[in-house]
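> full-length UniProt numbering puts the first residue of the sequence shown at 1, with every later residue one more than the last. One structure is given below, represented as structure tokens, and several questions about it will come after.
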Amino acid sequence: MTTLHVISSSPFSDNRLSSCLRLLGHGDGLLLCGDGTYAAQPGTSHAEALRALGEGIALFALDEDLEARGLPSADWLQQIDYPGFVALAVRFDKVNSWL
Numbered sequence: 001m002t003t004l005h006v007i008s009s010s011p012f013s014d015n016r017l018s019s020c021l022r023l024l025g026h027g028d029g030l031l032l033c034g035d036g037t038y039a040a041q042p043g044t045s046h047a048e049a050l051r052a053l054g055e056g057i058a059l060f061a062l063d064e065d066l067e068a069r070g071l072p073s074a075d076w077l078q079q080i081d082y083p084g085f086v087a088l089a090v091r092f093d094k095v096n097s098w099l
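Next comes the structure, spelled out in structure tokens:
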């Protein structure tokens, strides 16, 4: 079963992202939203860890949240809108929000 993992907290304020990365399995997806999009900030250890995940993990970010925080788009991260978020929730078997 595949899982969409949703991270909405900043990786600079807690360890939810690093905990999530340890549990990701082949075929899973990771969606960054809210302050979780700071994980995609270029030049950070968080962005490097995400880039190193490889092709077995799909990486997404809400485009509105990236834009609101002034973060550039990354070629290794698929930007989606809210309808795209809904489509992801249907595509994966389970959704796990890291609250």
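Note that beta-carbon positions come from the ideal geometry of N, C-alpha and C, so glycine has one too.
(1) Helix, strand or coil, according to DSSP, for residue 2 in the structure here?
(2) According to DSSP, is residue 84 helix, strand or coil?
(3) Taking contact to mean 3 or more Cβ pairs, one atom from each stretch, closer than 8 Å, check whether the segment 70-82 and the segment 13-20 are in contact.
(4) With residue 32 as the anchor, note down where its alpha helix (DSSP H) starts and where it stops.
(5) Any idea which residues DSSP pairs residue 60 with across the strands?
(6) Just the C-alpha distance for residue 28 and residue 43, rounded to the nearest angstrom, thanks.
(7) Return the CA-CA distance between residue 70 and residue 23, expressed in angstroms with no decimal places.
This is what the structure holds:
(1) Within the sequence shown, the letter at position 2 stands for residue 2. DSSP places residue 2 in coil when its eight states are reduced to three.
(2) Indexing the sequence shown from 1 puts residue 84 at position 84. The three-state secondary structure of residue 84, taken from DSSP, is helix.
(3) No contact exists between the segment 70-82 and the segment 13-20.
(4) Counting from one through the sequence shown, the residue named residue 32 turns up at place 32. In this chain, residue 32 is not harboured by any alpha helix (DSSP H); it is covered by the beta strand (DSSP E) spanning 29-32.
(5) Position 60 of the sequence shown, counted from the start, is the residue given in the question as residue 60. Looking at the DSSP assignment, residue 60 forms a beta bridge with 31 and 78.
(6) As a first step, residue 28 is located in the sequence shown; it is residue number 28 there, counting from the start. As a first step, residue 43 is located in the sequence shown; it is residue number 43 there, counting from the start. Rounded to the nearest angstrom, the two C-alpha atoms are 25 Å apart.
(7) For this step, residue 70 is matched to residue 70 along the sequence shown. For this step, residue 23 is matched to residue 23 along the sequence shown. Cα atoms of residue 70 and residue 23: separation of roughly 29 Å, rounded to the nearest angstrom.
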